[in-house]
Amino acid sequence: MYFAVSQPAGRFMEKPQPNSQSEEKRMRVGFIGLGNMGANMAMVLQRSGLELKVHDIDKARAAQHIEAGASWAETPAECARDVDILITSLPKPDIVDTVMRGEAGVFEGLGEGTIWVDTTTNDAGLVIELAEQAEKLGVKTVDSPVTGAVDGARRGELTLFAGGEDDALDAVEPILSRMGRVIRCGKLGTGNAVKLVTNYLWFTHAAVIGEGLMLGRRAGVPLDVLWDAIKDSVGDSFVARHDAPSIFAGHYDPSFTLDLCLKDLRLCAALAERGNVPIPIGARVRERFADAAEAYGGGAGELHVAKLIEDAVGEDLRLDGDWPLHWEA
Numbered sequence: 004m005y006f007a008v009s010q011p012a013g014r015f016m017e018k019p020q021p022n023s024q025s026e027e028k029r030m031r032v033g034f035i036g037l038g039n040m041g042a043n044m045a046m047v048l049q050r051s052g053l054e055l056k057v058h059d060i061d062k063a064r065a066a067q068h069i070e071a072g073a074s075w076a077e078t079p080a081e082c083a084r085d086v087d088i089l090i091t092s093l094p095k096p097d098i099v100d101t102v103m104r105g106e107a108g109v110f111e112g113l114g115e116g117t118i119w120v121d122t123t124t125n126d127a128g129l130v131i132e133l134a135e136q137a138e139k140l141g142v143k144t145v146d147s148p149v150t151g152a153v154d155g156a157r158r159g160e161l162t163l164f165a166g167g168e169d170d171a172l173d174a175v176e177p178i179l180s181r182m183g184r185v186i187r188c189g190k191l192g193t194g195n196a197v198k199l200v201t202n203y204l205w206f207t208h209a210a211v212i213g214e215g216l217m218l219g220r221r222a223g224v225p226l227d228v229l230w231d232a233i234k235d236s237v238g239d240s241f242v243a244r245h246d247a248p249s250i251f252a253g254h255y256d257p258s259f260t261l262d263l264c265l266k267d268l269r270l271c272a273a274l275a276e277r278g279n280v281p282i283p284i285g286a287r288v289r290e291r292f293a294d295a296a297e298a299y300g301g302g303a304g305e306l307h308v309a310k311l312i313e314d315a316v317g318e319d320l321r322l323d324g325d326w327p328l329h330w331e332a
């Protein structure tokens, strides 16, 4: 095992250098959850030369990993057995709970000295509860939810918000940094707090971008001119640059669903309640996403929240152009 020099919480960390590249590559990694994000994250790790063992509820999702040399685990317990690091990338907290504590779950396979890294956007209280159970097995826990969308996952250009004890972070950071930039956020649970804050801002921007675009368009501003102006102004944001093309193309980004947005907004509300922080704007944003889910279905793409204004006005926000699908780029 190798360790990086400890740095203050929240500071950007340069990628730690292992004692030797061969030592790092010998590390055995289990990866559970091969959805839109997890499949790409696992492939990035695999292509970097790590020995990978994978599991998903649907074995078909692991086909590309198995073909590239990963071993298949029939159960979460098997995936957790005899690995140095176990990474989970799952849709929501109740699934994490089932995977960890259910029949043939992770806790039946974890061995002393393993580090569990949960990259799920999760409930910090649940992570801490599960970490206490893991500690009884001699297992340390790191919560490290990610941001950067599917294209960032595919390119290994995510940002990972990591919380946990310094020695656990030191041990896993050389592996996590292969997937992108690692930001140390503090104690266990703070990774999820940071992720929820960033998603809170993301969804707020997503809820209003359609209204802004429609305001300009109805005032007679060509949509391409308006978009250019937004990107070179105080109105700029990740949503404006990365997500607006999903509105222009009319597919509204199916890689992230309204149901997932609502799940994260519920977690934001719980975080606010625990901290006794009023978030009236967040409450209205959550209502807007709920309206979109009711209108178009919870499985519809996240930017359907902007379709609400299109339908209300009776005019779309299509813009001619070549809009690559970022989850396929």
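To convert, note that position 91 of the sequence shown is 94 in our numbering; the numbers rise steadily by one, no gaps.
Note that CB positions come from ideal geometry on N, CA and C, so glycine has one too.
Exercise for review: Identify, in the order they occur along the chain, each residue of the same chain with its Cβ nearer than 7 Å to the Cβ of S23, setting aside the five sequence neighbours on each side.
Suggested key: Only weak support exists for where S23 lies, its pLDDT of 44 falling under 50; the coordinates are left without a value.
**Study point:** Three-state secondary structure assigned by DSSP to F241
**Key:** If DSSP states are grouped into helix, strand and coil, F241 belongs with the helices.
Check your understanding: Taking Cβ positions, are L226 and L311 nearer each other than 9 Å?
Key -> no
Review point. Taking the alpha carbon of K143 as the point to measure from, which residue in D154, I131 and K56 has its own alpha carbon closest?
Key: Among D154, I131 and K56, the Cα nearest to that of K143 is on I131.
Review point. Looking at the structure shown, is S249 part of a helix, part of a strand, or coil, going by DSSP?
Key: helix
Review point. What's the gap between the Cα of V153 and the Cα of L55?
Key: Their backbone Cα atoms lie some 20 Å apart in a straight line.
Review point. With C-beta atoms as the reference, is G112 less than 9 Å away from R158?
Key: no
**Study point:** Top-ranked residue by Cα proximity to N43, from R64, D239 and E135
**Key:** R64
Practice item. Just tell me which of D126, A134 and N125 has its CA closest to the CA of V109. Key: A134
Check your understanding: Roughly how many whole angstroms lie between the Cα atoms of G141 and A171?
Key -> Here the C-alpha atom of G141 lies approximately 12 Å from the C-alpha atom of A171.
Review point. Quick one: what's got a C-beta closer than 7 Å to S51's C-beta in the same chain, skipping five residues either side?
Key: R181
Check your understanding: Would you report the Cα separation of G114 and K139, rounded to the nearest angstrom?
Key -> 10 Å
Point to revise | Option in V316, D314, A315 and L261 with minimal Cα separation from E290 | key: L261
Review point. Under the rule that 16 or more other beta-carbon atoms within 10 Å means buried, what is P177, buried or exposed?
Key: buried
Check your understanding: Skipping 5 residues on each side, what residues in its chain have a beta carbon closer than 6 Å to that of T124?
Key -> P148, K198 and D267
Review point. So, are the CB atoms of D146 and V120 less than 9 Å apart?
Key: yes
**Study point:** DSSP-derived helix/strand/coil call for L328
**Key:** coil
Practice item. Taking 9 Å as the cut-off, decide whether the C-beta atoms of D126 and P79 are in contact. Key: no
Review point. Between E305, A298, C271 and L204, which lies nearest to I250 when the distance is taken from Cα to Cα?
Key: E305
Point to revise | Alpha-carbon spacing of Q49 relative to L218, whole angstroms | key: 46 Å
Review point. Between which two residues does the beta strand (DSSP E) carrying T91 extend?
Key: I88 to T91
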